[in-house]
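K.L.:
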Amino acid sequence: MTGGIRAWWDRRAIPLLNEAAETFARLGNTERQAYAVFWIGKIHIGRAKYDKAVESMTPVVDMLPAADSIALMARANLVEAYEKLGKSDKATEHCLAIGQTTPWTGTANYQPLFKRPPSYPRNALVRNANGYVLLEFTVDEMGFVRDPKVVEARTAKDVKPSEQPDIVWAFEQAAIEAAEKFRYAPKFVDGEPVAVEGVRNRIVFQMQR
59 MTGGIRAWWD RRAIPLLNEA AETFARLGNT ERQAYAVFWI GKIHIGRAKY DKAVESMTPV
119 VDMLPAADSI ALMARANLVE AYEKLGKSDK ATEHCLAIGQ TTPWTGTANY QPLFKRPPSY
179 PRNALVRNAN GYVLLEFTVD EMGFVRDPKV VEARTAKDVK PSEQPDIVWA FEQAAIEAAE
239 KFRYAPKFVD GEPVAVEGVR NRIVFQMQR
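Under the working numbering, the first residue of the sequence shown carries the number 59, and numbering increases by one thereafter.
See the structure below:
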């Protein structure tokens, strides 16, 4: 299993991890078996083979207790895989399961399970403009983002003052469009999911130098 994890980019990785999973299954070591299968799913995620990732991650969830850290990570990966496959209803099942199992710690560290990067606005791209947008929104009972609003938006200092309003507006629109596709684990109160208001997320637009 160690060899398969270390060589995750190599074509030998999945056969090694499959061999490890089969060995642990024969030994009755469900935890180690699940860990090997989890890594097979991670490799599929990394290679954008989301259908295969679902095939691998689903049994990991079934093999382990709901609150197990590997089971929770597998569910988070399933959220990503299903969103990439355009199956938000399937992703929602795992958003809810994570929210129900994970203690609520407040909005300060509340991060999305799935975060699609924003499209870089063309007018900012041609000017090599950087910036950021701070958004505030509500996360509803199913973990979807609702009513995103701009709290603050800025461009880097090297953008000409005359060009800043158009670029800032473009950053704002791109940030809102991206945030509307985020997925969160909902907050649970007395066993029921509830909406969370005042959630903030800072989206950075940074050109690669």
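Each residue gets a CB set at the ideal place from its N, CA and C atoms; glycine is no exception.
Quick one: Cα of residue 130 to Cα of residue 150, how far?
P.N.:
Roughly 14 Å separates the two Cα atoms.
K.L.:
Going by DSSP, what residue range makes up the beta strand (DSSP E) through residue 96?
P.N.:
Careful: residue 96 lies outside any beta strand (DSSP E), inside the alpha helix (DSSP H) at 88 to 104.
K.L.:
Is the Cβ-Cβ distance between residue 174 and residue 236 less than 8 Å?
P.N.:
In contact: residue 174 and residue 236 (Cβ atoms closer than 8 Å).
K.L.:
Return the first residue and the last residue of the beta strand (DSSP E) that residue 213 is part of.
P.N.:
Per DSSP, residue 213 belongs to the beta strand (DSSP E) from 203 to 213.
K.L.:
Give the DSSP-derived three-state secondary structure of residue 262 in the structure shown.
P.N.:
If DSSP states are grouped into helix, strand and coil, residue 262 belongs with the strands.
K.L.:
Rounded to whole angstroms, what is the Cα-Cα separation between residue 229 and residue 223?
P.N.:
Roughly 10 Å separates the two Cα atoms.
K.L.:
So what's residue 245 in DSSP terms, helix, strand or just coil?
P.N.:
The answer is strand: DSSP assigns residue 245 an E or B state.
K.L.:
Please classify residue 114: is it buried, with 16 or more other beta-carbons within 10 angstroms of its beta-carbon, or exposed?
P.N.:
Buried.
K.L.:
If I measure Cβ to Cβ from residue 214 and keep anything under 8 Å in the same chain, skipping five residues before and after, which residues do I get?
P.N.:
So the list reads 187, 188 and 189, once near-sequence residues are dropped.
K.L.:
Among all the DSSP beta bridges, which residues are the ones paired with residue 196?
P.N.:
The partner list for residue 196 (beta bridge, DSSP) reads 204.
K.L.:
Based on the DSSP output, what are the partners of residue 189 in its beta bridges?
P.N.:
213 and 263, per the DSSP bridge assignment.
K.L.:
Specify the secondary structure class of residue 172 as computed by DSSP and reduced to three states.
P.N.:
Residue 172: strand per DSSP, three-state reduction.
K.L.:
For residue 137, does the three-state DSSP call read helix, strand or coil?
P.N.:
DSSP places residue 137 in helix when its eight states are reduced to three.
K.L.:
According to DSSP, what are the bridge partners of residue 250?
P.N.:
DSSP output for residue 250 lists 247 as bridge partner(s).
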